[in-house]
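Number of protein chains: 2
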Amino acid sequence: MATQALIERILAAGDGPSSSAIDALHELLDDATIEASAMPRSVAEAARLVGLSTHTLRYYEQEGLVRPARNASGYREYSASDLRRLVFLTRMRLSGTTINDLKRYILLVEQGPSTIPERRRIMLDQQDRIRRQIRELGLALETTEYKIRIYDGHPQG
Amino acid sequence: MATQALIERILAAGDGPSSSAIDALHELLDDATIEASAMPRSVAEAARLVGLSTHTLRYYEQEGLVRPARNASGYREYSASDLRRLVFLTRMRLSGTTINDLKRYILLVEQGPSTIPERRRIMLDQQDRIRRQIRELGLALETTEYKIRIYDGHPQG
DNA sequence: GCTTGCTTTCAAGCGCGCTCGAAGCTTTAG
DNA sequence: CTAAAGCTTCGAGCGCGCTTGAAAGCAAGC
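Sequences listed follow chains A and B, in order. Numbering-wise (my numbering), the first sequence opens with residue 865 and increments by one. Numbering-wise (my numbering), the second sequence opens with residue 865 and increments by one.
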């Protein structure tokens, strides 16, 4: 089973040459999903787009993670950049970044470019954390593979 | 950046030929760490070995995940197989398997070989979950890489 | 105007996985 | 014999990340 080896390679790879392709992909993904119509979205539309509940979106706002504008009647209006931020937040959340860490990071973002060194540091830490976690998932994956093989009558030799 | 490609390959790979090597590794890892001295371990020793707290180990027992024997004074004695189970539980926990899912699985284990088909099913489900999660981590990893590149002055071209 | 379905705020509640503390027994060292 | 360290059980507490509910306002269709 080559899983562990592949994981090692993922984690070792210092990043290939095709960086700009991925950059484009990132912006496209964020914008294609989102900028298709540049209209601001209601909380329900935003929730559907990022796969969260409206409750969660309001909770995120309460925590200062996102600040959608309001229309005349006080309804939230999520702009393209709000949505891009939500995509970012959601991805990081799914990788296990805590709400608190995201709060700290977003606070720095809203303080302007002077906080870039600290933001970079945070992203580097998150990167380490994610890599560690991928390694742990690799171990668990092997464990399931091992069990399944045994349950299948360990035809390994 | 080849990360995504590598992840795809990990997830696509139908498992190479070296299965028995990994099987051996599993048993070695479980036994080398553990069987070195075949003596039963106290709760503190067991906790240190698997990297959990004694509180957590007692909690796991309370939840039925492990049943160490007791000595004459009522102290827990973790056998090699108890420890192997703890390693299994810890790995699965670190991959995000819930305590409840583990309870269900262990219950089946203790019901004997007749539950093997269902256990196999559970492991297959976990495997899917873990792969999905690796994919999500891959996305988050790309996101951090993208941010860092930008913070470094996006020297991508 | 009424109903339906969205939106708002605010506060309370919840499931998970520990984590801690109290009160007491056992073992070990001096 | 005593003190310190480690074990026991039990129940309560906690941080996280939502989730739910109540009470009320707004928008669109009939």
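Note that beta-carbon positions come from the ideal geometry of N, C-alpha and C, so glycine has one too.
Interface flag for GLU974(A) against chain B is unset, since no Cβ pair is found closer than 8 Å. Here GLU941(B) is bridged, per DSSP, to ALA933(B). Your pair LEU913(A) and LEU947(A) checks out as a contact, with CB atoms roughly 6 Å apart and the cut at 8 Å.
Restricting attention to alpha helix (DSSP H) runs no shorter than 4 residues, the region 957-1016 of chain A encloses them at 963-974 and 980-1015, ordered along the chain. For SER959(B), at least one C-beta of chain A is nearer than 8 Å to its own C-beta. Taking the Cα positions, GLU974(B) is about 11 Å away from ILE980(B). Here the C-alpha atom of LYS967(A) lies approximately 12 Å from the C-alpha atom of ARG931(A). Of all residues in the region 982-998 of chain B, only ARG983, ARG984, MET987, LEU988, GLN990, GLN991, ILE994, ARG995, GLN997 and ILE998 come within less than 8 Å of chain A when Cβ atoms are compared, listed by chain position. At a cut-off of 8 Å between C-beta atoms, THR920(A) does not count as an interface residue with respect to chain B. Cβ atoms of ILE998(B) and LEU972(A) stay farther apart than 8 Å, at about 29 Å. Approximately 3 Å separates the beta-carbon atoms of ALA1004(B) and SER959(A); this is inside 8 Å, confirming the contact.
Annotation: Cβ neighbours of ARG955(B) in chain A (cutoff 7 Å, chain order): LEU1003, ALA1004 and THR1007. At a cut-off of 8 Å between beta carbons, LYS1011(B) contacts chain A.
Residue environment: ARG985(B) is assigned as exposed (fewer than 16 neighbouring CB atoms within 10 Å of its CB, all protein chains considered). By the CB criterion at 8 Å, PRO904(A) and ALA936(A) fall outside the cutoff.
Contact check for ILE994(A) and LEU929(A): beta-carbon distance about 19 Å, past the 8 Å limit, so the pair fails to qualify.
Not a single CB atom of chain A sits nearer than 8 Å to the CB of ILE963(B). With respect to the C-alpha of TYR924(B), the residue from ALA902(B), THR1008(B) and LEU953(B) having the closest C-alpha is LEU953(B). Per DSSP, the beta-bridge partners of ARG905(A) are TYR942(A).
In the three-state reduction of the DSSP assignment, LEU947(B) falls in the helix class, which pools H, G and I. Less than 8 Å separates the beta-carbon of ARG940(A) from that of SER906(A). With respect to the 8 Å criterion, THR1008(A) and GLN991(B) are classified as neighbours on the basis of their beta carbons. Proximity of chain B to ILE980(A) at the Cβ level (cut-off 7 Å) is accounted for by TYR1015, in chain order. Between ARG1013(A) and the set ILE1014(B), THR962(B) and MET987(B), the nearest pair of CA atoms involves MET987(B).
Within the same chain, Cβ atoms closer than 7 Å to the Cβ of GLU927(A) are found at ILE963 and LYS967, the five residues on either side in sequence being excluded. By the beta-carbon neighbour count (other beta carbons within 10 angstroms, threshold 16), ARG996(A) is exposed.
Leaving aside the five residues that flank ALA908(B) on each side, the residues in its chain whose CB is nearer than 6 Å to its CB run, in chain order, THR918. Counting only Cβ-Cβ distances below 7 Å, GLU1000(A) has contacts in chain B at LEU958 and SER959, in chain order.
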